[in-house]
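Report on the following structure.
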Amino acid sequence: MKRKVLILVLVIFAIGLLTVYVADRVTAATEQQKSAGNSTQDLNSRVGKLEAQVAALQAQIKALASKASSQVLTVPGTHVFPGNKIPPGAKEREISGIKYWIIPLNEGH
Numbered sequence: 050m051k052r053k054v055l056i057l058v059l060v061i062f063a064i065g066l067l068t069v070y071v072a073d074r075v076t077a078a079t080e081q082q083k084s085a086g087n088s089t090q091d092l093n094s095r096v097g098k099l100e101a102q103v104a105a106l107q108a109q110i111k112a113l114a115s116k117a118s119s120q121v122l123t124v125p126g127t128h129v130f131p132g133n134k135i136p137p138g139a140k141e142r143e144i145s146g147i148k149y150w151i152i153p154l155n156e157g158h
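Position one of the sequence shown corresponds to residue 50 (this note's numbering), numbered consecutively onward.
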């Protein structure tokens with residue numbers, strides 16, 4: 050019985066010491082620490098600026114997309130060669146309907 054009472058007293062004493070130690074470590078936040086975070090007004094103004102930037106970028110994307118869709122890409126034909134003559138030794142090839150020529154740099158090869 051005495052042993053249980055002694056253990057109970059020691060446990061209560063240890064809890065008391067821990068409470069004092071923890072209470073000593075925890076302090077109230079200073080005004081500087083409280084103001085260190087961003088205020089709601091600062092965050093709202095920043096969000097507003099970012100939304101305006103996103104809207105401007107989306108407008109640029111739409112402008113580029115409409116500009117790109119209006120352009121017509123053409124595949125060069127034989128008219129790209131001087132006098133519309135394919136150079137000697139050139140070999141015509143085609144990939145997915147697009148023609149190209151392999152032109153040797155030296156006539157002998």
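The beta-carbon is built from N, C-alpha and C at its ideal position, and this holds for glycine as well.
These numbers were taken from a predicted model, which means no experiment stands behind them.
Going by beta carbon distance, what residues of the same chain come within less than 8 Å of residue i, once the five residues before and after it are set aside?
{"i": "Pro-153", "result": "Gly-138 and Ala-139"}
{"i": "Gln-107", "result": "none"}
Starting from residue i and walking both ways along the beta strand (DSSP E), at which residues does that stretch end?
{"i": "Ile-152", "result": "No beta strand (DSSP E) holds Ile-152; DSSP gives it neither H nor E."}
Per the DSSP calculation, residue i is bridged to which residue(s)?
{"i": "Glu-143", "result": "Lys-148"}
Apart from the five residues on each side of it in sequence, which residues of its chain come closer than 7 Å, Cβ to Cβ, to residue i?
{"i": "Thr-68", "result": "none"}
{"i": "Glu-141", "result": "Lys-148 and Trp-150"}
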